[in-house]
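Some notes on the structure that comes next.
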Amino acid sequence: MPLEPYKRGSLWWAKGRVEYLGKPITEYYRCSTGASEAAGAWAWCRDEEERRINEHLLGANRTLTFAEAVMLYPANPKTATYLIPIVEEWGKKLLSSIAPKDVRALAQKIYPDASTDTWTRQVITPVRAVINTFRDGDKGEAFRVKGFSKQDRIKQDKRRGKRSRVKREPGSWEWLLRFRQHAPQRHAALALTMFVTGARISQAVAMDPEKHFKPDEGLLCVPGAKGHDDRWLEIPAELVEELKALTQFYPRGAARTDENRRLFGFADRSSPRKGWAKACKEADIPFIPFHAAGRHGFGQEMNVRQSIDEKAAGEFGGWADTALMKRTYTHAEEVAGKVHEAFYRGLREAEKLTKISLSAGAIPYKSRTKPKKKG
Numbered sequence: 007m008p009l010e011p012y013k014r015g016s017l018w019w020a021k022g023r024v025e026y027l028g029k030p031i032t033e034y035y036r037c038s039t040g041a042s043e044a045a046g047a048w049a050w051c052r053d054e055e056e057r058r059i060n061e062h063l064l065g066a067n068r069t070l071t072f073a074e075a076v077m078l079y080p081a082n083p084k085t086a087t088y089l090i091p092i093v094e095e096w097g098k099k100l101l102s103s104i105a106p107k108d109v110r111a112l113a114q115k116i117y118p119d120a121s122t123d124t125w126t127r128q129v130i131t132p133v134r135a136v137i138n139t140f141r142d143g144d145k146g147e148a149f150r151v152k153g154f155s156k157q158d159r160i161k162q163d164k165r166r167g168k169r170s171r172v173k174r175e176p177g178s179w180e181w182l183l184r185f186r187q188h189a190p191q192r193h194a195a196l197a198l199t200m201f202v203t204g205a206r207i208s209q210a211v212a213m214d215p216e217k218h219f220k221p222d223e224g225l226l227c228v229p230g231a232k233g234h235d236d237r238w239l240e241i242p243a244e245l246v247e248e249l250k251a252l253t254q255f256y257p258r259g260a261a262r263t264d265e266n267r268r269l270f271g272f273a274d275r276s277s278p279r280k281g282w283a284k285a286c287k288e289a290d291i292p293f294i295p296f297h298a299a300g301r302h303g304f305g306q307e308m309n310v311r312q313s314i315d316e317k318a319a320g321e322f323g324g325w326a327d328t329a330l331m332k333r334t335y336t337h338a339e340e341v342a343g344k345v346h347e348a349f350y351r352g353l354r355e356a357e358k359l360t361k362i363s364l365s366a367g368a369i370p371y372k373s374r375t376k377p378k379k380k381g
């Protein structure tokens, strides 16, 4: 049983054992934390766990450094690259001495010309993850770092002379048709697949021609991602025929085994980039990245251009939160034209109701003053 507080009289006590990787590393606790409130008791449990885990890993009277904590943290390859410059700065810094303000300051020191989004992604998030490996949020207060505000983002963008969060143009049928005229066969099929299913590039390149495609039934499976299960979708007949026509592909250099078989033949999400960019250039169309052309294009087409039921669009495209879909994956188009059309539509209704024409002009100011009373 993990260490947790409980109230006994006017004070909070702690019970349980300190665990590491699911295994107890201490004897059973049943002692007072000295705290009169639950928050203080949870903090005591958190500090005691961190101290005993340090002792378990490093021996008594040792405090974990940030570099040692990183070595114990199961980082994925991308996070590992972010942690390298942080360790170079903070390798010998004690984990217990790190404050939220220190993390924000470090981000600005390592990446002075980066955006606030980069600071968050490449410094705040990995540092927080490493520290929270030793602070279980279910048992106590997690290590939190206040993010950068909108004002911080604007100030940094001005300082570096570059705007962040530039809106990307979403894909469209017109763009897609022009792209496909100049794209290689599998790039063309990939683009169409992402646009009509809302699949991410990582999901599309992972598709297996047998496991994820049932041509006789007209079904395509989009592999699960970000907490979602696989989803089988009924796809247009044109896409079925195009996928059936694809050659049996294997990533370049990979052994021709079943586990290496890919529907589009790309090894990873970056593999199609060169051919994708070349097709855009030859078609004389804007370069739209995979995610914007596919998933954003699907969201825009369904929600803005065709205005279908958002529940249907969300379920088909794999959004559990339709509010997120509409907030993130839809974009303003033809803004001035739509606004002007709305203006004139309202004006025509008002002119019809009042029988007054806007083109008749306004009454001069002096003529609108009230006449003086006689006598």
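Everything in the sequence shown is counted per our numbering, starting at 7 for the first residue and increasing by one.
We treat Cβ as the ideally placed atom computed from N, Cα and C, and that holds for glycine.
It should be emphasised that the depicted structure is a prediction, and the values quoted were computed from it without experimental measurement.
Three-state class that DSSP yields for residue i in the structure shown
i	result
serine 102	helix
alanine 20	strand
tyrosine 172	In the sequence as displayed, the identity of residue 172 is valine instead of tyrosine. It is coil, neither helix nor strand.
glutamate 25	strand
tyrosine 350	helix
glutamate 10	strand
arginine 268	strand
proline 190	coil
lysine 220	strand
proline 30	strand
phenylalanine 255	strand
threonine 71	strand
histidine 302	helix
histidine 62	helix
alanine 148	coil
is_contact[residue i, chain B] using C-beta, thresh 8 Å
i	result
glutamate 355	Reference to chain B is not applicable here, since this structure consists of a single protein chain.
Rounded straight-line distance, which links the Cα of residue j to that of residue i
i	j	result
serine 276	leucine 9	45 Å
cysteine 227	phenylalanine 219	6 Å
threonine 139	alanine 81	11 Å
leucine 239	aspartate 108	48 Å
aspartate 327	phenylalanine 270	29 Å
arginine 150	isoleucine 314	40 Å
leucine 330	proline 132	24 Å
glutamate 316	glutamate 180	23 Å
proline 106	alanine 148	12 Å
alanine 205	tyrosine 12	47 Å
leucine 78	glutamate 223	48 Å
cysteine 51	arginine 58	10 Å
glycine 230	serine 155	33 Å
phenylalanine 272	threonine 87	24 Å
glutamate 357	tryptophan 125	54 Å
threonine 203	glutamate 244	13 Å
isoleucine 130	arginine 110	7 Å
threonine 263	valine 93	40 Å
lysine 98	isoleucine 160	34 Å
lysine 361	arginine 127	59 Å
leucine 251	lysine 84	Before going further, note that residue 251 is alanine rather than leucine in the sequence given. One C-alpha to the other measures close to 35 Å.
glutamate 55	leucine 89	24 Å
glycine 320	phenylalanine 201	14 Å
lysine 332	alanine 261	42 Å
arginine 351	valine 345	10 Å
Contact test: residue i Cβ vs the ligand PLP heavy atom, cutoff 7 Å
i	result
aspartate 290	As far as ligands go, the structure on display features none, and thus does not contain the ligand PLP.
Host beta strand (DSSP E) of residue i (start-end)
i	result
threonine 39	35-41
leucine 239	237-240
leucine 330	Counting along the chain, leucine 330 falls outside any beta strand (DSSP E), though it belongs to the alpha helix (DSSP H) covering 328-334.
valine 228	225-228
Option in the options with minimal Cα separation from residue i
i	options	result
glutamine 312	Leu269, Ser178, Arg267 and Met213	Ser178
histidine 337	Ala348, Gly305, Ala318 and Glu347	Gly305
lysine 185	Ala261, Ser365 and Pro292	It is worth fixing the name first, because residue 185 is phenylalanine in this sequence and not lysine. Ranking Ala261, Ser365 and Pro292 by Cα distance to phenylalanine 185 puts Pro292 first.
glycine 153	Arg134, Arg23, Trp238 and Arg171	Arg134
lysine 284	Ala251, Phe149, His188 and Gln128	His188
histidine 62	Glu25, Leu89 and Ala73	Glu25
leucine 182	Cys286, Gly324, Gly343 and Cys51	Cys286
glycine 259	Lys250, Asp274 and Leu249	Asp274
lysine 21	Met7, Lys250, Ile31 and Glu265	Met7
serine 38	Trp48, Pro30 and Val246	Trp48
phenylalanine 296	Ala289, Met308 and Arg279	Arg279
glutamate 95	Val345, Lys84 and Gln114	Gln114
serine 5	Ala289, Val345, Arg268 and Glu355	Outside the shown range of the chain (7 to 381) lies residue 5, about which nothing can therefore be said.
glycine 167	Leu359, Arg333, Asn266 and Asp119	Asp119
leucine 101	Lys217, Val136 and Arg171	Val136
Boundaries (first-last residue) of the alpha helix (DSSP H) holding residue i
i	result
tyrosine 88	83-96
glutamate 288	279-289
serine 385	Residue 385 is absent from the model: the chain starts at 7 and stops at 381.
threonine 124	122-125
leucine 245	243-250
valine 136	131-138
alanine 319	316-323
methionine 308	No alpha helix (DSSP H) contains methionine 308, which DSSP labels as neither H nor E.
aspartate 214	Neither: aspartate 214 is in no alpha helix (DSSP H) and is coded neither H nor E.
Legend entry - Inter-stretch contact at 8 Å, needing at least 3 Cβ pairs: the region 187-203 / the region 291-306: With a cut-off of 8 Å, the region 291-306 and the region 187-203 count as touching, because enough Cβ pairs lie within range.
Inset, instruction - Specify whether the region 10-27 and the region 41-61 touch according to this definition: at least 3 beta carbon pairs, one from each stretch, less than 8 Å apart. - result: In this structure the region 10-27 lies against the region 41-61, because at least three pairs of beta carbons, one per stretch, are closer than 8 Å.
Inset, instruction - Pair every Cβ in the region 156-175 with every Cβ in the region 241-256, then say whether three or more of these pairs are closer than 8 Å. - result: Short answer: they don't touch.
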